[in-house]
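As numbered in the numbering used here, residues 108 to 446 make up the sequence shown, in order. A virtual CB, placed ideally from N, CA and C, is assigned to each residue, including glycine. All values derive from a computational prediction rather than experimental measurement. Worksheet: one structure, shown below.
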Amino acid sequence: MLIPTTFASAQVEIRGVYGHPQGLWDKGFRLDSLGVNAIFLHDKSISAELMKRARNENVKVFAEFATLNGKGYVENHPEAWAIDSSGKKVQSATWFMGVCPSDPVFRKHRTDALKKLLSDFDVDGVWMDYVHWHAQFEDPDPILPETCFCNKCTSGFEKHTGITVSGNGIPGKARFILNRHEVAWREWRASVIANWAAEFRQIISKEKPGALLGLYHCPWNDEDFNGARYRILGLDYNKLEKEVDVFSPMVYHNRMGRKAEWVKENIEWFSKIVPNKKIWPIVQASNEPANVSAKEFEKVLRYGLSGRATGVMMFTTYAVAGEPAKIEVLKKVYHSTMQ
Ligand SMILES: [Zn+2]
Numbered sequence: 108m109l110i111p112t113t114f115a116s117a118q119v120e121i122r123g124v125y126g127h128p129q130g131l132w133d134k135g136f137r138l139d140s141l142g143v144n145a146i147f148l149h150d151k152s153i154s155a156e157l158m159k160r161a162r163n164e165n166v167k168v169f170a171e172f173a174t175l176n177g178k179g180y181v182e183n184h185p186e187a188w189a190i191d192s193s194g195k196k197v198q199s200a201t202w203f204m205g206v207c208p209s210d211p212v213f214r215k216h217r218t219d220a221l222k223k224l225l226s227d228f229d230v231d232g233v234w235m236d237y238v239h240w241h242a243q244f245e246d247p248d249p250i251l252p253e254t255c256f257c258n259k260c261t262s263g264f265e266k267h268t269g270i271t272v273s274g275n276g277i278p279g280k281a282r283f284i285l286n287r288h289e290v291a292w293r294e295w296r297a298s299v300i301a302n303w304a305a306e307f308r309q310i311i312s313k314e315k316p317g318a319l320l321g322l323y324h325c326p327w328n329d330e331d332f333n334g335a336r337y338r339i340l341g342l343d344y345n346k347l348e349k350e351v352d353v354f355s356p357m358v359y360h361n362r363m364g365r366k367a368e369w370v371k372e373n374i375e376w377f378s379k380i381v382p383n384k385k386i387w388p389i390v391q392a393s394n395e396p397a398n399v400s401a402k403e404f405e406k407v408l409r410y411g412l413s414g415r416a417t418g419v420m421m422f423t424t425y426a427v428a429g430e431p432a433k434i435e436v437l438k439k440v441y442h443s444t445m446q
């Protein structure tokens, strides 16, 4: 079989699918017959039966772990609700509700769940998802508020920087921070996010040495939306690459209103930004908000293997399973990377 020149087959180690593979199983496929060798799925969807069948079909299992999505949590724990610069609780950003990353009770809640996951199942790794301050980056018109100005965050910032925050109420303090100490504030926020990854790293190293720590993350470059990836989401790759084994940029071209070719450009750019860690992008197969044809899916799946990427997966398994032409694309592209 002719190997496309966009990637070297020997370098492709992960041919993944994201989401429960039931849709493909229902159609009678073995995952390995499609060339798939890894599944990534929500940790709550993992069961002993799934693990057994996955092993039988020679695929690795990676747990997606919702990290800072507080939907279903903040409603019962209002003290963990992220606070905006006007002192109000943030509103849900479409489906995402970010918690305050400084809340210690929430943090214990999540890290306890991680430990339980690792003790219950022999997963090959954990992929942190929703690792950013409250925002919504997956839509063409992102929601990018300034957060969090709760007392826990303000005092955490003071402790980290030695700066004493003054101002009248939360709006006054927010103005003081953003007007006078913006650089230090952005750096502190990024360090809070990286610290979550550091704690996950420690837990995984202790509970399941050898398992990988991956990160699903916003793929924006340094210019997109006026630097919002760092400025608002709090993602600093220099800090994160110290903790994370694999980066999975969420290059959802259709959701983000981009062309398929953008996936290639983005992964090539990212390969230079993070030169020493594995890159396994997640591309879009689902028809939302607009239709993604099988041909377009083939493009983004191949483009996902651009630059230094050594693996790829798509959002979602069900989107592929629902269209025979997309199953054929998956099989064709994945088999073309095997030797
Ligand atoms: Zn806070």
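In its chain, beyond the 5 residues on either side, L148, T423, T424 and Y425 have a beta carbon closer than 7 Å to the beta carbon of G126. D219 sits exposed, since fewer than 16 C-beta atoms from the chains shown fall within 10 Å of its C-beta. About 4 Å separates the beta carbons of R122 and Y441, which is inside the 8 Å limit, making them a contact pair.
Distance from the CA of L340 to the CA of F169, rounded to the nearest whole angstrom, comes to 24 Å. The beta carbons of Q391 and N361 sit about 5 Å from each other, so the pair counts as a contact at 8 Å. Contact between K385 and D352 holds, since their C-beta atoms are separated by about 6 Å, short of 8 Å. Where H360 is concerned, there is no enclosing alpha helix (DSSP H), because DSSP gives it neither an H nor an E.
Under the DSSP assignment, K315 falls outside any alpha helix (DSSP H); it carries neither an H nor an E label.
Sequence-distant partners of N144 (beyond 5 residues in either direction) whose C-beta falls short of 7 Å from its own C-beta, in its chain, are I121, R122, N165, V166 and K167. In this structure, K259 has its CB closer than 6 Å to one or more heavy atoms of ligand 1. Under the DSSP assignment, E368 falls outside any beta strand (DSSP E), being part of the alpha helix (DSSP H) whose first and last residues are E368 to I380. The region 278–287 makes no contact with the region 363–378: fewer than 3 CB pairs, one atom from each, lie closer than 8 Å. In the displayed model, F354 falls within a strand according to three-state DSSP. For D227, the enclosing alpha helix (DSSP H) begins and ends at P211 to D227. Checking the DSSP bridge columns, you'll see L342 has no partner listed.
Counting C-beta atoms within 10 angstroms of its own C-beta, G334 has fewer than 16 neighbours from the protein chains shown and is therefore classed as exposed.
W202 counts as exposed, since fewer than 16 other C-beta atoms from the protein chains shown sit within 10 angstroms of its C-beta. The shortest CA-to-CA distance from A291 to any of N302, G274, H267 and E395 is the one to H267.
At least one heavy atom of ligand 1 lies closer than 6 Å to the C-beta of S209.
Annotated as proximal: G177 and V206, with beta-carbon spacing under 7 Å. By the neighbour-count definition (other C-beta atoms within 10 Å, threshold 16), V119 is a buried residue. Looking at A297, A305 and S413, the one whose alpha-carbon comes closest to that of H239 is A297.
With a threshold of 6 Å, the Cβ atom of C255 counts as near ligand 1, since some heavy atom of the ligand is closer than that. Straight-line spacing of the CA atoms in M420 and K215 works out to 30 Å. Taken in chain order, the complete beta strand (DSSP E) segments of 3 or more residues contained in the region 220–290 are 232–236.
As computed with DSSP, R122 is found in a beta bridge with V419.
Within the model, the alpha-carbon separation for S154 versus K315 is close to 18 Å. A straight-line Cα-Cα distance of about 14 Å links S209 and A305.
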